[in-house]
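In this note's numbering, the protein residues as written are 5 to 132. See structure below.
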Ligand code: SF4
């Protein structure tokens, strides 16, 4: 097996070649050690931070941006996006609020990254 990966850890963007030689990976082209680990992780268990938005009921806007609190397996991102599309939360939403605890089964949560206050009419109705 042989291939190339562009390291995205820093702006240098090294083009790293990866070759499997028996049970060993031969990594070349990385200018630092972080690139080696990045290449191995990308091969064995690629992960990504998932960012998207969810519906908000009764908020000053209809959507709140969310992201995972850490990287999750790339292989489950599509499935999780489908699940997240079905989710809605009631306003108010605060930054850092946990929307889905342990979304990946490994302890990573989905958290809000945007504050969404109650819609003005909802505030009046609730006497706030
Ligand atoms: S290998 Fe090191 S220097 Fe190259 S892009 Fe990755 S982090 Fe940056």
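Even for Gly, the Cβ is constructed at its ideal location relative to N, Cα and C.
Secondary structure of residue i, DSSP reduced to three states
i: residue 111; result: coil
i: residue 35; result: coil
i: residue 46; result: helix
i: residue 40; result: helix
i: residue 124; result: helix
i: residue 67; result: strand
i: residue 72; result: strand
i: residue 56; result: strand
i: residue 106; result: coil
i: residue 61; result: strand
Reference residue i, options the options, closest by Cα
i: residue 51; options: 120, 82, 88 and 89; result: 82
i: residue 27; options: 62, 94, 48 and 10; result: 48
i: residue 24; options: 60, 62, 91 and 44; result: 44
i: residue 17; options: 29, 35 and 6; result: 35
i: residue 124; options: 95, 33, 118 and 108; result: 95
i: residue 107; options: 11, 9, 70 and 42; result: 70
C-beta atoms of residue i and residue j nearer than 9 angstroms
i: residue 104; j: residue 68; result: no
i: residue 64; j: residue 122; result: yes
i: residue 20; j: residue 39; result: yes
i: residue 7; j: residue 30; result: no
i: residue 73; j: residue 113; result: yes
i: residue 115; j: residue 100; result: yes
i: residue 102; j: residue 59; result: no
i: residue 88; j: residue 46; result: no
Check: residue i C-beta below 8 angstroms from any heavy atom of the ligand GDP
i: residue 68; result: The ligand content of the structure shown is limited to the ligand SF4, which means the ligand GDP is not among them.
(request) Please list, following the chain, all residues that have a C-beta closer than 7 angstroms to any non-hydrogen atom of the ligand SF4. (result) Per the CB criterion, closer than 7 angstroms to any heavy atom of the ligand SF4, the qualifying residues run in chain order as 11, 13, 14, 16, 17, 18, 20, 34, 35, 36, 38, 39 and 42.
(request) Run through the stretch 76-100 for me and flag every whole beta strand (DSSP E) of 3 or more residues, listed as ranges in chain order. (result) Listed in chain order, the complete beta strand (DSSP E) runs (minimum 3 residues) inside the stretch 76-100 are 92-94.
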